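Just add 602 to the spot in the sequence shown (first one is 1) and you have our numbering. The beta-carbon is built from N, C-alpha and C at its ideal position, and this holds for glycine as well. Everything numeric in this text was worked out from a predicted model, so none of it was measured. Down below is the structure, laid out as structure tokens.
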Amino acid sequence: MKPKLTNPMRRLSTRHLWILTLVVLLITASRAIRINDFHLDNDEIWSIWQTMGTPQQIIQWTSPTENPTYFLLLDGWKNLAGMDPFALRYLSLLICLPGVVFMYRALRRQHGHTAGLIAALAYYAFAVSQFTSLQARSYVIAQICLPLFLWLSLRYFDHPNWKRALPLALTLFFLYVGTITIMPALALLGLYLLVIYRWRIWTGLFPAALGVLFIAPDFIFNKLLQVQEHSSVARISKLPPLPQAWFSFFSYFTSAPPIWYILVLVALGTIIFAYWRKSRSADNRRIHFSTQTLDVIFWLGWLLLVPLILYVAEPKLGFFTPTRYGWWYVFGVAIFLGITLAKLPNIGRLIVTLTFVVLAFFPFRLNNFGYIVTPLGEDLKWLRDHLEANDALMLDTSTKLSCSFPEEWDYYTHLYFPQGLRFVDHPEGTRRLWYVASLDDASQQVGKDLTKNYVAGRFVGPPGCFFRLYEAPPDPVGILYPNGMRFHGAEIMDGDKPYNGTPVMREGQPFKVRIWWSVDKQVDLDYSVSLGLWDTKLETNWDSAPNLVSPENAPHETSRWQPNQIYVEERDLQIPYPYSRGQLALNLIVYWFGDNKRQLPPGANPDGNLFLKLIQVVAW
């Protein structure tokens, strides 16, 4: 007997259309605000890295476990929008949105507007669905094709013809293209169609055959061997006992587990009450297994039994751990919630709908669902603003260096440093060196060795991917003063970096000067250092003992300085105000305050002024 449908062909009313449009906009907003909230994981970077070639190369580079369709699509989007993760993830966001409509149409066809609306919201409110719809991976294709497959299957079995068979077969192909982890879900959906349509399932042979025709070449030549190897691997991971394992599996996919459990309990209570009430009526002493009843039974079975099936099949299938491979589980749970919660009174349906909207925006850590997330992207993004033209990077050789994936370095280098990065194996000949360390014992010893000739500076990143700047003096040889002090150069700073070229400043502008010193021998007296800005005469000066910033807690008294140690001082200076357009020379004087006698190093004028830098001042 043909299943009874609830006005499946009735056109959407204007009111329902506006409500569905609002839902799509809310789902879009819930994703857009999170799109930069989590780091790219290694799988996403691999997907992006695969697109750095011609279409032919992309196809050649594709792993046997994947399909090049998504990579080619991502490549086209990358060429339009650029390589930034924000732009690349927008492709997944845009792809995911039709799934809201597909889910709505699939449930509306048999259970009405409210069930379709609640199911669509539930499907996209799950935390794992939010992650999937933003991740730069092909999973998003499978995410939208699951409800599309269900909807097109219902349409086809209601009126079988080749015009409906072809899109159904293509949807089956794109499910397979999205991810091979969808195969258990496809098997369960086949079982669902068998339960609902029974003997009429034979009419589905035509679209099934078409789908197999599309899939078979790739599966046989690329994935069959991989599937056999996957199933033959002995998995000895220790699983938690039941029922703890069931609750852990369900909770993994949610952002606020207690709320989701309450929704499931409300759904179970609603359906039990509805069928109890129906059984109490005079005409319904026996429950008839109508299509809608079978629907409820099947999707309830999905909710309860799928985790148990994956639990039992874990030694062969390997989908219970890592749990993310069972991401499609939430599809059936959303359908069950949509069917059952739609039976609530009006106020109950309103509360449930608003709850799902809130859950779609509920904060959670998206990287919980990622695979191998390293801080390299954030570190290199920071480094982009602090790197000088001749800086070099030296990588820790330890296996404990977490950010050592070459494809990640290649992608982020293309993204943040189109001109490339300079890498060295040894620090010799490099003035500014960024050492990327794991911070294990060996790398910490390397850092200590570097401080013999370098000054440790700014740093970023956690242990495992720790970037630190080591700077040598601008002039390694330096200028020797008669008192034994050696001047190794001065830098006018632009933020935390030295100015490149001649600094251009405004009248009254503050700036920082960094001065490098060492001593060849023990200095007898405590000398002062004076910095002055000169035009034809001294405009302003700053006079004090050396204001040391490195080494930490080093003495300001020069008589306490030790040979074989670099000392760095910083001074806060300011262009005079008011001042006219012109040039100012920054000069340095070293003297002892006891007699005001100035030291005369090579290159200084007779007054002991040693020229450091020229500053251009621009004023109206």
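Item                                                                                                                                                                    : Value
Have a look at the DSSP bridge pairing and note the partners of Lys-1099.                                                                                               : Asp-1096
Spatial neighbours of Leu-1041 within its chain, please: C-beta separation below 6 Å, excluding the five flanking residues on both sides.                               : Pro-1065, Phe-1068
Just verifying my parser: in three-state terms, what is the DSSP assignment at Gln-1185?                                                                                : strand
Can you tell which of Gln-712, Tyr-1179, Leu-1003, Gly-701 has its C-alpha closest to the C-alpha of Ser-892?                                                           : Gln-712
Compute the Euclidean distance between the alpha carbons of Asn-1085 and Met-1107, then round it to the nearest angstrom.                                               : 34 Å
Just verifying my parser: in three-state terms, what is the DSSP assignment at Arg-1070?                                                                                : strand
Using alpha carbons as the reference points, say which of Thr-773, Leu-674, Arg-739, Thr-616 lies closest to Asn-644.                                                   : Arg-739
If you draw a straight line from the C-alpha of Gln-1164 to the C-alpha of Glu-1073, how long is it?                                                                    : 19 Å
Measuring CB to CB, does Leu-774 end up less than 7 Å from Phe-958?                                                                                                     : no
Return the chain-ordered list of same chain residues with a C-beta closer than 6 Å to the C-beta of Ala-1039, the five sequence neighbours on each side being excluded. : Asp-998, Ser-1045, Phe-1068
Can you say whether Arg-1088 is buried or exposed, counting buried as having 16 or more other CB atoms within 10 angstroms of its CB?                                   : buried
Tell me, please, which residues DSSP counts as bridged to Ala-1058.                                                                                                     : Tyr-1072
Would you report the Cα separation of Pro-1166 and Lys-1215, rounded to the nearest angstrom?                                                                           : Inspection of the sequence shows that residue 1166 is occupied by Asn rather than by Pro. Rounded to the nearest angstrom, the two C-alpha atoms are 26 Å apart.
Report the residue from Gly-813, Ile-782, Val-742 whose alpha carbon sits nearest the alpha carbon of Ala-771.                                                          : Gly-813
Residue range of the beta strand (DSSP E) that Met-654 falls in?                                                                                                        : Met-654 -> no beta strand (DSSP E), and no H or E assigned at all.
Given a cut-off of 7 Å on the beta-carbon distance, is the pair Ser-632 and Ala-962 in contact?                                                                         : yes
Would you grab the beta carbon distance between Ala-708 and Pro-749 for me? Rounded to a whole angstrom, and I think it's under 8 Å.                                    : 5 Å
Cα separation between Asp-1174 and Asn-1143?                                                                                                                            : 11 Å
Skipping 5 residues on each side, what residues in its chain have a beta carbon closer than 8 Å to that of His-1016?                                                    : Met-654, Met-685
For Met-705, which three-state DSSP category applies?                                                                                                                   : helix
Expressed to the nearest angstrom, what Euclidean distance is found between the alpha-carbon atoms of Leu-1202 and Val-1079?                                            : 18 Å
Rounded to a whole number of angstroms, what is the C-alpha to C-alpha distance between Val-742 and Phe-821?                                                            : 20 Å
Could you give the residue range of the alpha helix (DSSP H) that holds Trp-620?                                                                                        : 616-634
Relative to the alpha-carbon of Thr-796, which residue among Leu-756, Met-785, His-761 has its alpha-carbon at the smallest distance?                                   : It should be pointed out that residue 796 corresponds to Leu in this sequence rather than to Thr. Per the Cα distances, Leu-756.
Assuming Arg-1033 and Leu-1071 form a contact by the criterion Cβ under 8 Å, report the distance between their Cβ atoms to the nearest whole angstrom.                  : Between Leu-1071 and Arg-1033 the Cβ distance is about 11 Å, and since that is not below 8 Å, they are no contact.
Alpha carbon to alpha carbon, how far is Ala-994 from Gln-1111? Give it in angstroms, no decimals.                                                                      : 31 Å
Buried or exposed: where does Gly-871 fall if 16 or more other Cβ atoms within 10 Å of its Cβ makes it buried?                                                          : exposed
What are the partner residues of Trp-1119, as DSSP defines its beta bridges?                                                                                            : Phe-1089, Tyr-1169
Could you spell out where the beta strand (DSSP E) holding Ser-1130 opens and where it closes?                                                                          : 1129-1136
Which term fits Tyr-794, buried or exposed, when burial requires 16 or more other beta carbons within 10 angstroms of its beta carbon?                                  : buried
Ends of the beta strand (DSSP E) at Lys-840?                                                                                                                            : No beta strand (DSSP E) contains Lys-840, which DSSP labels as neither H nor E.
In the structure shown, what three-state DSSP assignment does Leu-930 receive?                                                                                          : Before going further, note that residue 930 is Trp rather than Leu in the sequence given. Coil at Trp-930, not helix or strand.
Grab the span of the alpha helix (DSSP H) containing Ile-798 for me, first residue to last.                                                                             : 785-799
Counting along the chain, where does the beta strand (DSSP E) carrying His-1037 start and finish?                                                                       : One point to set straight first is that residue 1037 is Tyr, not His, in the sequence displayed. Counting along the chain, the beta strand (DSSP E) containing Tyr-1037 begins and ends at 1034-1039.
Measure the C-alpha to C-alpha separation of Met-611 and Pro-917 and round it to an integer number of angstroms.                                                        : At Met-611, the pLDDT of 46 sits below 50, so the modelled position is not reliable; the number obtained from the coordinates is stated separately. If you take the alpha carbons of Met-611 and Pro-917, they lie about 45 Å apart.
So the alpha helix (DSSP H) Asn-681 belongs to, where does it begin and stop?                                                                                           : 670-683
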